[in-house]
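Since the structure comes first, as structure tokens, the remarks are kept for the end.
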Amino acid sequence: MPDERTFVLVTDRPDRSAAISAALQVIGACDVVGPDETWQHRRGLAGVISDVTLSRPETDHCLRALQHRFRDRDLPVVCLLRKTTRETLRHAKTLGATVCMPAYAPPETIVAALANQAGIFAESAERAVGLGVVRAGEALTGLLAEARAGQQVRMGAVEAGLGPILTAVQEGGLARWLDTVWTHDDATYQHCLLVAGLAAQFALHLGFRHEDQFRFVRAALIHDVGKARIPLEILNKPGRLAPDEFAVMRTHAALGHEILLAGGEIDPMTLSAVRHHHEMLDGSGYPDGLVGGAIGDMVRLLTICDIYAALTERRPYKDPMPMAEALRILAGMHGKLEARLVQSFGEAMAAAA
Ligand SMILES: [Fe+2]
Ligand SMILES: [Fe+2]
Numbered sequence: 001m002p003d004e005r006t007f008v009l010v011t012d013r014p015d016r017s018a019a020i021s022a023a024l025q026v027i028g029a030c031d032v033v034g035p036d037e038t039w040q041h042r043r044g045l046a047g048v049i050s051d052v053t054l055s056r057p058e059t060d061h062c063l064r065a066l067q068h069r070f071r072d073r074d075l076p077v078v079c080l081l082r083k084t085t086r087e088t089l090r091h092a093k094t095l096g097a098t099v100c101m102p103a104y105a106p107p108e109t110i111v112a113a114l115a116n117q118a119g120i121f122a123e124s125a126e127r128a129v130g131l132g133v134v135r136a137g138e139a140l141t142g143l144l145a146e147a148r149a150g151q152q153v154r155m156g157a158v159e160a161g162l163g164p165i166l167t168a169v170q171e172g173g174l175a176r177w178l179d180t181v182w183t184h185d186d187a188t189y190q191h192c193l194l195v196a197g198l199a200a201q202f203a204l205h206l207g208f209r210h211e212d213q214f215r216f217v218r219a220a221l222i223h224d225v226g227k228a229r230i231p232l233e234i235l236n237k238p239g240r241l242a243p244d245e246f247a248v249m250r251t252h253a254a255l256g257h258e259i260l261l262a263g264g265e266i267d268p269m270t271l272s273a274v275r276h277h278h279e280m281l282d283g284s285g286y287p288d289g290l291v292g293g294a295i296g297d298m299v300r301l302l303t304i305c306d307i308y309a310a311l312t313e314r315r316p317y318k319d320p321m322p323m324a325e326a327l328r329i330l331a332g333m334h335g336k337l338e339a340r341l342v343q344s345f346g347e348a349m350a351a352a353a
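Counting from 1, one number per residue, gives the positions in the sequence shown under the UniProt record's numbering.
Spelled out as structure tokens, the structure:
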């Protein structure tokens, strides 16, 4: 079982070990050892990550000891290399490396490689989604609670939720993410986690650079932070809002922008995404009635994810809308959404189905 599965991280980089061992939690327990230590536990070992300078004699000793102890089975060993010369690759193989990666690879990528090697992909996918929803939920809970209480929001706390969302969608698949999030009772949480998952899938599909994936998912997760200041009887009202209630609801975009500014947010894309995710290319949106080129690309992408999430949300009082119908409605919003991006979004959803 995943809870009993143990991995050893042999490392001489204490600054990186916390991030790698946190990412490893998705697939099991992690024991961190230095290169001059010997792993003595009697538990079964499911795999090793080596993040050490291979030329050090103690590294040789440590890795060979593990290799010898578990010689009767194929132990997956991910070896992180500071230099990828033919010589270091050969050296890593003699120390039992089953896969070699650059030392600066993101922790999630390292863990995914180990999970694949250890043949535990399906189980790890499920755990990745579970952990992602929990971490993202925690990040969001803190943010919304601070905003609701009129306190200054701490944007730093949001960061911890981003990697787990991307890992969950990448490893576990969007469908699993949506199924898990749809079970969430609170409409605002459900919606923000849905939009974040859709944004992760869209960013991965479009091949965003690593840092842009994070920025986009971050904006998606917090895009409706202004709803924390909307009265609950309006926010959670089942069915359609009356015109005056709708006017109150619409203030969430500008309120969210204010909340982020007060919290010290400086990223222009994030600020714009929070303020403008209800703007339409034809100027019919709110709060500023922006037209065409005044709406940035990332904001346009987020708006598509947002509308799709709203259309497909699960509520006790209505049947969920199927994916194909929601995509048809998006495609029918001529002049309001960029057709090319709607098409890409449909492809990203189809790729995840
Ligand atoms: Fe919104
Ligand atoms: Fe939204």
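Beta carbons are placed, not taken as given, at the ideal position from N, Cα and C, and that holds for glycine.
Everything numeric in this text was worked out from a predicted model, so none of it was measured.
Glutamate 347 is classed as exposed because its beta carbon has fewer than 16 other beta carbons within 10 Å across all chains shown.
In the three-state reduction of the DSSP assignment, lysine 237 falls in the coil class, being assigned neither a helical nor a strand state. Membership of phenylalanine 208 in any beta strand (DSSP E) is not indicated, and neither H nor E is assigned to it by DSSP. Three or more Cβ pairs closer than 8 Å define a contact, and the region 148-168 falls short of that threshold against the region 182-190. If you draw a straight line from the Cα of leucine 330 to the Cα of leucine 337, it is about 8 Å long. For threonine 11, the beta-bridge partners assigned by DSSP are Asp51. Cα atoms of valine 181 and methionine 323: separation of roughly 16 Å, rounded to the nearest angstrom. Sequence-distant partners of alanine 29 (beyond 5 residues in either direction) whose C-beta falls short of 6 Å from its own C-beta, in its chain, are Thr6. The closest CA to that of leucine 260, considering only Arg82, Thr11, Gln151, is found on Gln151. Look at aspartate 306: its beta carbon is less than 6 Å from one of the heavy atoms in ligand 2.
By the criterion of a C-beta distance shorter than 6 Å, alanine 203 is surrounded in its chain by Gln213, Phe216, once the five residues flanking it on both sides are discounted.
Ranking Ala350, Gly132, Leu89 by CA distance to the CA of alanine 97 puts Leu89 first. Secondary structure note for alanine 29: its beta strand (DSSP E) is the uninterrupted segment 29-33.
DSSP links leucine 45 through a beta bridge to Thr6. Distance check between alanine 326 and each of Arg315, Met269, Ile304, Ile49 places Ile304 closest, using alpha-carbon atoms only.
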